[in-house]
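Residue numbers are given in the working numbering: position 3 of the sequence shown equals residue 2, and the series is strictly consecutive.
Below is one structure; the comments refer to it alone.
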Amino acid sequence: MIKQLDLQNEGIVKELFELQRVSYLVEAKLINFFEIPPLLESMEDLIECGETFLGYFDENKFAGALSYTIEGKELTICRMVVHPNHFRKGIAQRLLNFVEEFNKEWAVLKVSTGKENPPAKNLYLKNGYKRVCDLEVVPGLFISNFEKRRVEER
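So this is what it looks like as structure tokens:
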């Protein structure tokens, strides 16, 4: 089940905070960079980030989350996290499908991930996202930026 998370609920925030730490630690090892912003933020930072969060629950256990922002017709996926115990179960795919279907007004979807993160890159590519560019955000760390444009219906 997927539902929007209430960041005013202290219990949800604690679970989300721990979930993103264990998930981003896996990415940090993949890309050999341990200063990914969500790994450095406090729970207060998380609460105040201004993103909308969706949670994926597997038998009432918090297994994954996605956050996004919307500016005009542009939806930006800010975070995609899945607990390592739930990798390869299609949770990221379900979250991605949900955010695309739930938010009908977008014209462009944007997302970024570490250039050396093949699972995330493959997820976006197989869902119609196009790699726009790779950027060196700090010396030696590259992120890949992806975009998906809505096809106009006639």
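Note that the Cβ used here is the ideal one computed from N, Cα and C, for glycine as well.
Per DSSP, the bridge partner or partners of residue i
{"i": "PHE33", "result": "PHE33 pairs with nothing; no bridge assigned."}
{"i": "LEU135", "result": "A small fix is needed here, since residue 135 is Glu in this sequence, not Leu. Answer is PHE141, bridged to GLU135."}
{"i": "VAL81", "result": "GLY63"}
{"i": "GLU146", "result": "LYS109 and LYS129"}
Where residue i falls: helix, strand or coil (DSSP)
{"i": "VAL21", "result": "helix"}
{"i": "GLU9", "result": "helix"}
{"i": "GLU40", "result": "coil"}
{"i": "LEU45", "result": "helix"}
{"i": "LYS2", "result": "strand"}
{"i": "GLU73", "result": "strand"}
Span separating the alpha-carbon of residue i from that of residue j
{"i": "GLY63", "j": "PRO138", "result": "30 Å"}
{"i": "LEU38", "j": "VAL150", "result": "35 Å"}
{"i": "SER66", "j": "THR51", "result": "5 Å"}
{"i": "GLU14", "j": "PHE61", "result": "7 Å"}
{"i": "ALA91", "j": "ILE46", "result": "22 Å"}
{"i": "ARG153", "j": "LEU108", "result": "Model confidence at ARG153 stands at a pLDDT of 44, short of 50, so the residue's coordinates are unreliable and nothing is read from them."}
{"i": "ALA154", "j": "LYS72", "result": "For the chain, the structure presents residues 0 to 153; residue 154 sits outside this window and is missing."}
{"i": "PHE56", "j": "PHE101", "result": "17 Å"}
{"i": "ARG93", "j": "CYS132", "result": "25 Å"}
{"i": "LEU74", "j": "TYR128", "result": "13 Å"}
{"i": "ILE35", "j": "LYS103", "result": "30 Å"}
{"i": "TYR123", "j": "CYS77", "result": "13 Å"}
{"i": "GLU155", "j": "GLU9", "result": "The chain is shown from 0 up to 153; residue 155 falls before or after that span and cannot be answered."}
{"i": "LEU140", "j": "HIS82", "result": "24 Å"}
Chain-order list of residues whose beta-carbon lies under 6 Å from that of residue i (same chain, five-residue window excluded)
{"i": "VAL136", "result": "ILE142"}
{"i": "ARG130", "result": "SER143 and PHE145"}
Any non-hydrogen atom of the ligand NAP closer than 7 Å to residue i Cβ
{"i": "GLU104", "result": "Annotation note on the ligand NAP: not contained in the displayed structure, which lists no ligands."}
Same chain, Cβ closer than 8 Å to residue i, five either side skipped, listed in chain order
{"i": "ASP5", "result": "ILE11"}
(request) Give, in chain order, every unbroken run of the beta strand (DSSP E) that is at least 3 residues long and sits entirely within the region 83–125. (result) As far as the region 83–125 is concerned, its whole beta strand (DSSP E) runs of at least 3 residues are 107–113.
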